[in-house]
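Residue 136 in the working numbering sits at position 131 of the sequence shown, and the numbers go up by one each step.
Backbone N, C-alpha and C define an ideal beta-carbon position, used for all residues, glycine too.
It should be emphasised that the depicted structure is a prediction, and the values quoted were computed from it without experimental measurement.
Working notes, structure below.
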Amino acid sequence: MTDERYTVILGDRRYAVHRKWARLPDRQDFGFISDLMVDADGLVHVAQRGTDRPILVFDRTGCLAGVWGEGVLAEPHYINAALDNSILVADRDAHQVLRFDRSGKLVQALGKRHWPSLDAPFNHPTAAAQAADGEIYVADGYGNSNVHRFAADGTLIATWGGPGTGPGAFTTPHAIWVDRFGKVLVGDRENNRVQVFDRDGTFLAAWGDFYHPMQIWVDDRDMVFVTDQIPRISLLDRDGRLVGRCRGAINGAHGLGGDAHGNLYLAELPPQEITKLERLT
Numbered sequence: 006m007t008d009e010r011y012t013v014i015l016g017d018r019r020y021a022v023h024r025k026w027a028r029l030p031d032r033q034d035f036g037f038i039s040d041l042m043v044d045a046d047g048l049v050h051v052a053q054r055g056t057d058r059p060i061l062v063f064d065r066t067g068c069l070a071g072v073w074g075e076g077v078l079a080e081p082h083y084i085n086a087a088l089d090n091s092i093l094v095a096d097r098d099a100h101q102v103l104r105f106d107r108s109g110k111l112v113q114a115l116g117k118r119h120w121p122s123l124d125a126p127f128n129h130p131t132a133a134a135q136a137a138d139g140e141i142y143v144a145d146g147y148g149n150s151n152v153h154r155f156a157a158d159g160t161l162i163a164t165w166g167g168p169g170t171g172p173g174a175f176t177t178p179h180a181i182w183v184d185r186f187g188k189v190l191v192g193d194r195e196n197n198r199v200q201v202f203d204r205d206g207t208f209l210a211a212w213g214d215f216y217h218p219m220q221i222w223v224d225d226r227d228m229v230f231v232t233d234q235i236p237r238i239s240l241l242d243r244d245g246r247l248v249g250r251c252r253g254a255i256n257g258a259h260g261l262g263g264d265a266h267g268n269l270y271l272a273e274l275p276p277q278e279i280t281k282l283e284r285l286t
């Protein structure tokens with residue numbers, strides 16, 4: 006019996022594909038896996054919907070190490086690392102963005118729970134990201150077509166966007182990231198592009214050649230990873246130039262994140278599983 010290992014390449018890095026990397030104890034099943042993030046200790050926090058265990062935590066070997074968010078999170082859509090090792094979760098159908106410490110203790114809430122608002126925070130928000138100075142940016146993408154900018158204390162500073170296909174308009178802003186150069190990257194899913202703004206919401210650029218971009222993640226080299234529904238993962242430099250592509254997922258990765266060693270993790274649906282792309286070079 007041969008030991009066959011599938012590999013993919015993104016730019017100058019080659020990865021081994023490990024499907025079903027995260028393992029649950031016997032007689033336990035995943036819910037609707039939505040997203041994941043890796044904390045400073047290498048623990049992988051997996052957001053899942055339709056379950057009373059909204060966040061599962063896995064150790065470096067893929068074994069279940071903890072659970073949090075019970076009774077607090079309704080429908081976690083995207084989960085991103087924030088400052089001070091805290092974690093931002095877009096609780097989509099509760100119309101909130103919530104910040105937790107790594108143990109799962111709620112430390113901040115944006116939006117009024119179960120109180121949707123048209124063209125104001127929030128109406129089924131999709132994702133949140135934090136800038137280096139503490140400001141929080143939210144893609145408000147299922148009921149609204151906006152990006153909201155908040156001060157670190159949760160005070161709303163500005164809102165931009167609106168429905169449409171032109172520069173600065175959105176049709177399902179689905180993912181968001183703030184890079185260290187002050188650019189706000191927004192995955193404009195149904196418009197098949199990533200839009201780039203400055204911190205004030207001024208349109209800077211649109212990166213195309215995606216089919217329904219899902220999640221955005223930027224590594225410590227300032228390289229931008231975008232997963233879409235082809236399914237594939239695209240690697241771009243910070244100016245949007247394509248430098249690599251691969252088919253890392255079976256049917257598409259709704260979520261994507263990475264660790265300090267250059268490994269990537271994919272939240273796949275369907276099937277409901279976590280795939281690890283282990284960095285080889």
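Asked	Found
Local Cβ density within 10 Å of Tyr20, reported as buried at 16 or more and exposed below that	buried
Cβ-Cβ distance between Asn128 and Gly159 below 8 Å	no
His100 and Gly146 closer than 8 Å at C-beta	no
Cβ separation of Thr170 and Thr176, assumed to be a contact under 8 Å, to the nearest whole Å	7 Å
Cut-off 7 Å between Cβ atoms - residues of its own chain near Arg54, not counting five sequence neighbours on either side	Gly36, Phe37, Ser39, Glu80 and Pro81
Delimiting residues of the beta strand (DSSP E) encompassing Tyr83	Pro81 to Ala86
C-beta atoms of Ala70 and Leu88 nearer than 8 Å	no
In DSSP terms, what His153 is bridged to	Val143 and Thr164
DSSP bridge partner residues for Ile238 (one or two, in chain order)	Thr232 and Cys251
Cβ shell of Phe275 (< 7 Å), same chain only, five flanking positions each side left out	According to the sequence displayed, residue 275 carries Pro and not Phe. Contacts found: Asn256.
Alpha-carbon spacing of Arg154 relative to Pro121, whole angstroms	17 Å
Inter-residue Cα distance where the pair is Ile14 and Val248	10 Å
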